[in-house]
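Novice: Let me give you the structure first, and then I'll get to my questions.
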Amino acid sequence: MADPYSYVAPARVKAFLCPLGQIKKPTFANYVTRLHSVNEVRLGDITPDRRPEKSMFSPQGFPNGKVVYDFSTSWTDTDFMLLHDLEPWRQTLCVFALTTFSYNNDNDYYMHSLVKLRRVYSGPVLHKILVFGTPPDHEACNPDVIFIPSSRISTITSLGTIMCDLTSDFLAELSILASARQVAPFKSPGLKELDVPVKTQTGFKTFKVSLSRRDSGASLHSPTKSSSSGLSRKPTALSLSLSDKTKARQRGRMLKYVAGMYLIAGHWQDALREFTDAAISLKTAHDFLWLASALEGISVCLVLLSFLEIPVPIPTIALDLLPYSQAVEVTETLAATMSLLEFITDNTGSVLKYYSRSQGSPEESVPQTIYCETVLRYINFLTVIRLGGGWNPASINALVRDVDLPNNVTTASPSISTIVGWCNKVYATELHNLPMLSQFRIYGGLSSIYARNDLVRKRTFILREMLANLVKPLRRNNAINPGISHEYQNLRSLLDSLEPVFGIETVGFGWEKLRVSFLKTALELSEALDDYPGTIKYAGQLLSTSADVLNQAEQFSILRSIDMAAEKARRDGQGNLLSEYWDQNLLREITFLPSNTSIQPVKVTKKSTHANVFLHNPFEKKPAAKELALVENERSELVISLQNPFAFEVHIKKLEILTNDDEIVLQRVLNLNDIYIAPMSVFDLKFPVIPVGSGTLVIKGCKIQVANCEMKEFYLKKPTLCQNDKVKSVGLVKLLKNLSTAAAATTIQDEKLDVKTDNDSLNLTPQKYVVIPQQPILAYKETSLDQDWAMLLEGERQRFTLTVSNLSPVAAENVVLKLTDSITENLKHALQRKGLSAREIYDLEHALFEQQQPLKWIRNDVSETVSVPGYGQATFEIEITGRHDLEQAFVGIEYTAAADETWIRTLTVPINLTVTPSVELVNFELLPLQPNGNAANPELFRKLDPIKHCLLVLDVLNHLPTTAVDLRFKHAKGRTQQRIKPTCIARILVPIITTHTPSANDEGSSATEDNAALDAPIPSIVKTRQFVVDATLSSPEAALLARNVFWIREAILKQLQHGLLDWTTVVETKDDNNNVDDLFSFATEQPCETPRAGMLDLRAAPASVLTIDKKSVSLFRPSLVALTMTVEPATSTANGSAKANLTLSNHTYTIKVDLHNKLPHDVSGFVRVIPVHELATDASSPAGAGAGASGAINTNNTSKGGEYIYNGCLQRPVVRVPAGASRTVFATGFVFLDRGRYQFTSAFEMAPSSSTEVATVHSNIFAQRGSAVINVTI
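For the sequence shown, position 1261 (counting from the first letter as 1) is numbered 1261 according to the working numbering, and the numbering increases by one without interruption.
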């Protein structure tokens, strides 16, 4: 059955389903479910009846319409027979008898059943027998007997086709009914089913839906502006005679009845037209009851047409009847701007207004059932709109098709207060005047609405009201003689004697349904007889033994019965009737809430300080959890866990703590009474106390008094497994075994029934806590920072003071500062990651253990013990260093009460800080030292040996927008100072001493020892590491290169103040720039008011900046052999390179190459000489014409113009040069034919020796150190 209070219920066809023959209940329910799936039939799918007398509701008139069936298995026409004229949709128009196909049932059986069906249910216009499970080859013998194939061999389409045929017959029969009914007069239902007229609240005002006009659904087929059609004509106010009013009334009622028929038949446009015409006539005749019903029909038609997406105008008559539309201009404005949702809301107010005005005449007064159900239908309308998120297609579909919607409440939804306000409108009609069945229907509708809107408490109130109304008729009809009400004692004794039969002795024993049913019966009888002790007793037994099977409404009703009985007993002078609380496990747990970690005392134990030889000891005992301690004379909070398994609130009026120690007293801080525990929850009550005294505190439980219950002690207990006694008999058999037959027949004892518990099966588990003597309490007072905030530049150091005060009279001893920061924590987490290389591990360990931490406690005497006297103060000086990744910093202050105490407290003070970038290294590069002095400052590097030195290029960026920075640092060859302009990059050239000191004439040096130092493994700072395996390197060559890069980087940083460069901001603007070579300049330098200083940490540079490539590694690896080149005559050598200035002549010059072996064994191989001709730099010379100032190099070995000729081959073999010996391995003659500058480079390739070592020595200075180069100028 569909929702009887759906807003579109007047547009549904009531169809009664009844079983026929011997059909089982599950089978009948299955057939009903199949019919529910096809309850909606489109008129366009129906074959029309061609007979003229049956074509009034022809489906061709409105193909888009739908006939919606409301299938029901209960016959309700008897209750609403008087309402069929006013609301024809209440009449059951179809009767379908459902049966299962059987070969034993012939045509006569079906015809006889059909005749009987029409005789029993004579009111409906259509009677059909639906035979399910028919074989496919069976032929129909009667049009009123429909054979439906089984669902296994047919689809839902075939059943839909059958429903189309049934609907065609229904529309034809409905046409005959409507035509016949039009000629008869229409009467109002009157007050035949009411004792008094409907009473509404004085000054009723329509509840407005809280929707904005923009969100009210105006875009979803909003009513268009009224035109001059029949739906929008505006009647004129005429003064009619009595006979004319009677004619107008009968015509309006007839039109209204026909409109209701059109609405049922799916002709929604025709229904809207007829409702409009009926409203015009009924308004003229002042027939307010039928006019209100017609206005409601207009709203239903508009909703249905909006569902079909057919835009229609709102009838003008409906707009005229709105409370605030008096003038024609107002009506036209409303027709153009009002949305459908707003109109329905206002129109409902008009409907109720005219229902109220109809009460002037008893014959024409609105029945209370109609009034209440109209309000319920509109409340359902608001509920669907609320759950659907406003007026949208999903909400309209749910309204028409009665489908469930997910909870999608939005701002466009009607407010819950609006819905509650309309629900309260139903209470104003005094529902107790209605018959019991009508009351239950309306209460059920309200309960459903409250449930859909998640108003659980209101829904419970409705259900409790239904139960209360059941007892009143019993008392009013004298179901029990009031004269024997004083004999309730005997009745209670009789009920007590029946309790063991139903198993009410213990919780979870017996048949639940029978036990609950019996106790409910006993409770209702006790309430009817005003037996207050019995009411409290049986209500308590219901809660204590069957709370898990009672729903929310039942538990609320039982609680109310207990409260009312106790109150009435006090008024009647029977004293305070108190029952034992229904839940024996009210108290679940008692614990102390740990206080703030900054003041919570922690017990410290002495640990062994000797080194552990095992990194992991599986037999080591795990540290126990920290012991919770209470401090004397300090506030602590007890957390008392109280459970409420019931659906109602539990009111605790008094609560006390049970202890067994008189020396320690828990002084209450607040007087916590009147505690309410929410339904179906566990409530953690925070109970503040102050322990007075020290020692061990034992808490046994609580002493609690619940409202209308006795004061009872609840102990902390832990259930244990115990063996239950065997149950040999239950119920009446057990009772007869315990009592003799005579005693059971003659003696009935009145004894209190308690819930029995086995004390042996419960172990008391009191809570024990340590209460220590009074402790000091340190609190943060102030810092010397400006606005308590540290503003730092990256690398800058700043000192500030932190002041704390002692809030207790006890002095704080052994004060120690524990400084923590986010950098340290990040480094510790980074060290725990897997897959780190050996260099990354070293960098993390160096930053964690070798470098100074961002926070430092400045103390004059480290060994001095710091203390804070009672109610005194102490100031600490702290130094903080700015780091680019420093985000958080904390100062932890640990202290104790005395020097020998083991309980410590910690005060944690966060430091607010902001670190701004200052100076940053953006480029790091190694270059060989050029011998020709092409550097920017040749005087700086003129005296340096290019073999023993290299050039370090540092690009430093100044992030400060308006302040210049002076960068100063020492290196191996002196001191460097560089000024960097704001937002500029400065390039700094630093000479670096390489790891080896080879020389061409150094016979005693060993290059292999220097290379072995570069090949050493990367160390680990943490000595407890057993192995450091670099899993990121894939080959031995990569591992060797990584070790070389590491040691070269360490050597460079060692020469640069271990990577820490000092910088200072410029106080005054200077004219000289100190030879600053800025690459970029974006800002103007301004003086800084106060100089600020810091350090640039080169190790903190990103890995992508601080890189050393393979080419740079060769600068630090010494050559295994040394080559020297000379030219005879006129040659001079210096540092492995030679320069010669020759004149152009026909003389022959000799170029020699000498090789010096630095290896401990003989070497052999090949020596090559590579000549390169550079064009003449003289512009006047023929060869140099058009050349630049620096000349162009001709790298082609073949002379274009015959610049030079040589004698012999430029490659010679070298055989067995002894260890440490020198030999001339190449000599040849050259003749120069043209002017210019010539460069000769020699290279030696070592042949494989016994150790399979192969080496290649390149003498090109730009590619490899240890080379031999000679420059010849002609």
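We treat Cβ as the ideally placed atom computed from N, Cα and C, and that holds for glycine. Since the model is a prediction, treat every value here as computed from it, not as a measurement.
1. For K247, which of helix, strand or coil comes out of DSSP?
2. Please report how far the alpha carbon of Q60 lies from the alpha carbon of L304, in whole angstroms.
3. Hey, out of I442, R441, G390 and R386, whose CA is closest to S417's CA?
4. Closer than 7 Å by C-beta to N1074: which residues in its own chain qualify, once you throw out the five before and the five after it? Chain order, please.
5. If we count Cβ pairs, one from each stretch, closer than 8 Å, do we get three or more for the segment 647-661 versus the segment 673-680?
6. Name the residue from K970, L577, W391 and R1117 whose alpha carbon lies nearest to the alpha carbon of E1015.
7. Would you give the residue range spanned by the beta strand (DSSP E) that I562 belongs to?
8. Whole angstroms is fine: what's the gap from Y1206's alpha carbon to E925's?
9. If you scan the segment 1041-1067 from start to end, which runs of the beta strand (DSSP E) of 3 or more residues do you find wholly inside it?
10. Only counting runs of 3 or more residues, tell me where the beta strand (DSSP E) segments fall wholly within the segment 887-920, in order along the chain.
11. What does the alpha-carbon distance come out to for the pair I370 and T535?
12. Thinking C-alpha only, which one of R571, T1150, D1154 and V639 is nearest G1220?
13. Put P88 into one of helix, strand or coil per three-state DSSP.
14. Per DSSP, what kind of secondary structure is G575 in: helix, strand or coil?
15. How big is the Cα-Cα spacing for T1148 and Q1239?
16. In this structure, does DSSP put R859 in helix, strand or coil?
17. Quickly, what does DSSP pair D966 with across the bridge? List them, please.
18. Quick one, which of L907, T881, E887 and T902 has its alpha-carbon nearest I893's?
19. Please report the straight-line C-alpha distance between N806 and S694, rounded to a whole angstrom.
20. Have a look at S1164 and P917 and give me their C-alpha separation to the nearest angstrom.
21. Can you grab the Cα-Cα spacing for the pair F275 / I146, in whole Å?
22. For C709, which residues of its own chain have a beta-carbon under 7 Å away from its beta-carbon, when the five flanking residues on both sides are left out?
23. So, are the CB atoms of A271 and G260 less than 9 Å apart?
24. Which partner residues does N958 have in the DSSP bridge list?
25. Please report the straight-line C-alpha distance between K568 and K537, rounded to a whole angstrom.
26. Give the range of the alpha helix (DSSP H) segment to which I985 is assigned.
27. What beta strand (DSSP E) runs, 3 residues minimum, are completely inside the segment 272-301?
28. Taking all protein chains shown into account, decide if C950 is buried (16 or more other Cβ within 10 angstroms of its Cβ) or exposed.
29. Nearest to D346 by CA position, among E309, G390, I298 and S365, is which residue?
30. Within 10 Å of its beta-carbon, does Y103 have 16 or more other beta-carbons around it, so buried, or fewer, so exposed?
31. Apply the 10 Å Cβ neighbour rule to H267 and answer buried if 16 or more other Cβ atoms are within range, or exposed otherwise.
32. Report back the beta-carbon spacing between Q552 and L543 to the nearest angstrom; my notes put them in contact at under 8 Å.
33. Looking only at its chain, what residues have a beta carbon closer than 6 Å to the beta carbon of S808, apart from the 5 residues adjacent to it on each side?
34. With DSSP as the reference, identify every bridge partner of F57, one or two as the case may be.
35. Would you kindly work out how many angstroms separate the C-alpha atoms of E796 and W789, rounded to a whole number?
36. Have a look at A1100, Q1055 and N912 and flag the residue whose alpha-carbon is nearest the alpha-carbon of Q787.
Specialist: With the structure as the only source:
1. helix
2. 18 Å
3. R386
4. With a pLDDT of 46 at N1074, under the threshold of 50, the modelled position of this residue cannot be trusted, and the question is left open.
5. yes
6. A quick correction: the sequence has Asp, not Glu, at residue 1015. It is R1117.
7. Looking at the DSSP string, I562 is not in any beta strand (DSSP E); the run it does join, the alpha helix (DSSP H), is Q552 to R571.
8. 40 Å
9. 1060-1065
10. 889-896, 903-911 and 913-916
11. 38 Å
12. D1154
13. helix
14. coil
15. 17 Å
16. coil
17. R979 and T1064
18. L907
19. 22 Å
20. 57 Å
21. 36 Å
22. L578, S579, E580 and Y581
23. yes
24. V919
25. 15 Å
26. Here I985 belongs to no alpha helix (DSSP H); instead the beta strand (DSSP E) covers I985 to I993.
27. none
28. buried
29. I298
30. exposed
31. buried
32. Contact flag wrong, Cβ pair sits at about 13 Å.
33. P776 and I777
34. Looking at the DSSP assignment, F57 forms no beta bridge with any residue, so it has no partner.
35. 15 Å
36. N912
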